[in-house]
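> This is the structure I want to talk about, given as structure tokens.
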Amino acid sequence: MMHADEVPTDVGLVRRLLAAQFPRWAGLPVEQFPSGGTVNAVYRLGDDMAVRLPRIEGGVADIAKEHRWLPWLAPRLPVPIPTVLGLGTPAEGYPWPWSVNRWLDGTHPEAGGLTAPGPLAADLAGVVRALRRLDITDAPPAYRSGPLAEDDEPTRAALSELRALGGIIDTDGATAAWDADLLAPDWDGPPVWVHSDLMPGNLLVDGGRLTGVIDFGTTGVGDPASDLIPAWNLLPAGVRDTYRTALDADDATWARGRGRALSMALIQLPYYRHTNPGMAANARHVIREVLADHRHRRS
């Protein structure tokens, strides 16, 4: 398990929950999906559905948020996003709400292994621009989309932990990069819709092109810089400026986006280095890319 307070799930639990609450689906095959997601355990249900159960209490509110907002967002975005087909309730010893969603086909892209980085950057920018155009009336606040300084304490705590581990990353360079990006002015424009967690594991591709975006538990309104993180967690340096130009990011917004990507990676690496190798590997990638970006900017 990835978290000390994680509630265990298995195929048997999913079958019991379905039999009691969604008997029309109870006879379908159930298979645990090897997801690297940190918030939900995912089970494939038949050919075209997925059962998602929060691993930790912190993911419970996401169930209601997605049920409320996914139907509204879906027709307004240029790629498919999940459809909630059913909401489950606590039962069978499982303490929280859970959901049945439509399955979306595609594979997760991998940093360093993109077949069409330029078109993928354009696809991602198209999703972000579509989000930014949406009406913000009654929209919830996005997770991780306020002032960058809000993440200063956990980021420095992660840097201290990494420094104590010795040799895992260039902690002096990462500290200097964090200090520099933290100086960027806060966003002073109106809040906009953001996904706020555009990690590779929340993107689906086919033939190198974006075919879907998943996991909208972090979505809401806030600083547009939070959706710049794919520039460092996925896109190669050669197309980074393409993504920036497509999203019209000024220097301050770009610096906040880079700082957000760095902060996330620094916090993820010590936490997941033994329990989620994929997440840890991407965190190392982000740190390398951000430090290289800073070196290039100074040269």
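Quick note, the sequence shown lines up with residues 1 to 299 if you use full-length UniProt numbering. Every residue gets a Cβ at the ideal spot worked out from N, C-alpha and C, and that includes glycine.
Does DSSP put residue 256 in a helix, in a strand, or in coil?
Against the sequence shown, residue 256 aligns to sequence position 256. In the structure shown, residue 256 adopts helical secondary structure according to DSSP, grouped into three states.
> State the start and end residues of the unbroken alpha helix (DSSP H) segment that holds residue 153.
As a first step, residue 153 is located in the sequence shown; it is residue number 153 there, counting from the start. Looking at the DSSP string, the run of the alpha helix (DSSP H) that includes residue 153 is 152–165.
> By Cβ distance, which residues of its chain are closer than 6 Å to residue 14, with the 5 residues on each side in sequence left out?
What you label residue 14 is simply residue 14 of the sequence shown in a count that begins at 1. Excluding sequence neighbours, residue 14 sits near 30, 43, 51.
> From the DSSP output, read off the bridge partner residues of residue 266.
Walking along the sequence shown from the start, residue 266 turns up at place 266. DSSP output for residue 266 lists no bridge partner at all.
> What is the residue span of the beta strand (DSSP E) that residue 302 lies within?
Residue coverage of the chain in this structure runs from 1 to 299, which leaves residue 302 outside it and unanswerable.
> With a threshold of 6 Å on Cβ separation, who are the neighbours of residue 145 within its own chain once the five nearest residues in sequence on each side are excluded?
Along the sequence shown, read from residue 1 onward, the residue named residue 145 stands at position 145. Counting only Cβ-Cβ distances below 6 Å, and skipping sequence neighbours, we find 194, 196, 222, 223, 226.
> Does the beta-carbon of residue 117 have 16 or more other beta-carbons within 10 angstroms, so that it is buried, or is it exposed?
In the sequence shown, counting from the first residue as 1, residue 117 sits at position 117. Buried, since its Cβ has 16 or more Cβ neighbours within 10 Å.
> Looking only at its own chain, which residues have a Cβ that is under 8 Å from the Cβ of residue 6, when we skip the five neighbours before and after it?
Against the sequence shown, residue 6 aligns to sequence position 6. Closer than 8 Å at Cβ, skipping near neighbours: 55, 56.
> Provide the residue(s) that pair with residue 261 in DSSP beta bridges, ordered along the chain.
What you label residue 261 is simply residue 261 of the sequence shown in a count that begins at 1. Bridge partners of residue 261: none, in fact.
> Answer yes or no: do residue 211 and residue 86 have a C-beta to C-beta separation smaller than 8 Å?
Here residue 211 refers to the residue found at position 211 when the sequence shown is read from its first residue. Here residue 86 refers to the residue found at position 86 when the sequence shown is read from its first residue. No, they are not a contact pair.
> Just reading off the alpha helix (DSSP H) that residue 18 is part of, what are its end residues?
On the sequence shown, residue 18 is found 18 positions in, with the first residue counted as 1. Segment 11–21, the alpha helix (DSSP H) holding residue 18.
> Compare the beta carbon distance of residue 162 and residue 266 with 8 Å and say whether it is the shorter of the two.
Residue 162 sits at position 162 when you count from the first residue of the sequence shown. Residue 266 sits at position 266 when you count from the first residue of the sequence shown. Against a cut-off of 8 Å, the Cβ pair of residue 266 and residue 162 comes out as a contact.
> Can you check the stretch 185–256 for any alpha helix (DSSP H) of at least 4 residues that lies completely inside it and give the ranges in chain order?
230–233, 237–246
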